[in-house]
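These notes concern the structure reproduced below.
There are 2 protein chains.
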Amino acid sequence: MTEQPTADAPREQDFLRLDGQICFALNAASRAFGGLYRVVLKDLGLTYPQYLVMLVLWEHGELPVKELGHHLRLDSGTLSPLLKRLEATGLIRRERSAEDERSVHVSLTDEGVALRTRAVEVPRRIAAATGFELTEIRDLQTRLNKLTAALDAAAPEV
Amino acid sequence: MTEQPTADAPREQDFLRLDGQICFALNAASRAFGGLYRVVLKDLGLTYPQYLVMLVLWEHGELPVKELGHHLRLDSGTLSPLLKRLEATGLIRRERSAEDERSVHVSLTDEGVALRTRAVEVPRRIAAATGFELTEIRDLQTRLNKLTAALDAAAPEV
DNA sequence: GGCCATTGAGTTGTGCACAACTTAATCGTG
DNA sequence: CACGATTAAGTTGTGCACAACTCAATGGCC
């Protein structure tokens, strides 16, 4: 591995510079989005993770917690309390499955279904705020998904 | 604005699909990185946000909390307890400034300085795990920084 | 000099992420 | 059928992110 002090191959000491860390750029962008969503979602009475849960339910309808977690990459440790809060606000129902008593099915209440019509505004408001072209967004998204897949694949062997 | 059902201009109902949300891709990638760092940083006894603080201190030396927060986009509400934990592990010192008693200066202990030699491994192990070319990483990073800047600029007016 | 707005840290409360664990239901195999 | 392994959800504990707040120090301005 040849390492010369160029833009593409930084010197040894540069590896620990904060502004050279892709993860920090990712983290910062993610939090910046969070701030934006917090403002936009306030009207709907949702936090950002709660909004993601609602997206999945609007798209797929009733689902066991396990499936929900698969879509969102979240485990029951995160979802259980979050779903309880959503149930408390009256947007979803949680019911033990009759066929398999281990599993809990999550479904939308009428109120939860109704919220969708108010939520269609959200993506457009967010997209407008980024000021990015849609093609650029899609491209970025493709790369990020590739990156996530690579990280997931690498995780077990690190 | 013309909207036709092509790949670049999805139909109305597709706007609420989870897999169409750039923020989710970002969020997922960020958490996937988090999992990787958790494993790698375990040896150093650091969490990922603590590692970021150490990066800034290794790069800039002694800094007031305010400056640290500026680099990391974090406020005192997040930093104060985090810095206390780092102080408790003996990696940093926190000292009230003599010139301005409102401000607290954060500096590295000998132990904190020494940790750097063990940390130089981290970025390479992470980079290896991504399996991405360095140029691709840099490109992605540039776009993310642009995105973050756009979001920050948009935030006040949303 | 006196007064008030501003500033920097810290505290409190809420919610999320995740590891480690518990509990109960189900499955598989002899 | 019995019994150990597996599975799904939930609980507990730690740490981070952030809003809203407190408190003390500072600075500006009359």
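Protein chains in written order, with the working numbering: chain P, 1 to 158; chain U, 1001 to 1158.
We treat Cβ as the ideally placed atom computed from N, Cα and C, and that holds for glycine.
| Check | Outcome |
| --- | --- |
| The beta strand (DSSP E) enclosing P:L108, as first and last residue numbers | V104 to L108 |
| Inter-stretch contact at 8 Å, needing at least 3 Cβ pairs: the stretch 1128-1148 of chain U / the stretch 19-34 of chain P | yes |
| Helix, strand or coil at P:R96 [DSSP, three-state] | strand |
| Neighbour flag for P:E111 against chain U, beta carbons, 7 Å | no |
| Straight-line gap, U:D1152 to P:L36 (C-alpha atoms, nearest Å) | 8 Å |
| Any chain U beta carbon closer than 7 Å to P:I22 | yes |
| 7 Å Cβ shell around U:V1040 - same chain, five flanking residues per side excluded | V1122, R1125 and I1126 |
| Boundaries of the alpha helix (DSSP H) in which P:F15 is found, first to last residue | P:F15 -> no alpha helix (DSSP H), and no H or E assigned at all. |
| Contact test: U:D1075 Cβ vs the ligand SAM heavy atom, cutoff 6 Å | Among the components of this structure there are no ligands whatsoever, and the ligand SAM is therefore not found. |
| Alpha helix (DSSP H) runs wholly inside the stretch 6-89 of chain P, at least 4 long, in chain order | 22-42, 48-60, 65-72 and 76-88 |
| U:Q1141: contacting residues in chain P (beta-carbon distance under 7 Å) | I22 and A25 |
| Same chain, Cβ closer than 7 Å to U:R1118, neighbours up to 5 away in sequence not counted | L1044 |
| Presumed contact (8 Å Cβ cut-off) between P:V106 and P:L55, rounded CB distance | The pair is not a contact, with the Cβ atoms about 13 Å apart (cut-off 8 Å). |
| Candidates U:V1065, U:H1070, U:L1072 and U:L1134: closest to U:E1101 by CA position | U:V1065 |
| Pair within 7 Å by beta-carbon distance, U:L1144 and P:A29 | yes |
| U:V1053 versus U:L1026, U:Q1141, U:L1083 and U:G1077, residue with shortest Cα-Cα distance | U:L1083 |
| Assumed close pair P:Y48, P:G34 - CB separation to whole angstroms, cut-off 8 Å | 6 Å |
| Helix, strand or coil at U:G1112 [DSSP, three-state] | helix |
| Neighbourhood of U:R1094 by C-beta distance below 7 Å, restricted to the same chain and skipping five residues each side | L1083, E1087, V1104 and V1106 |
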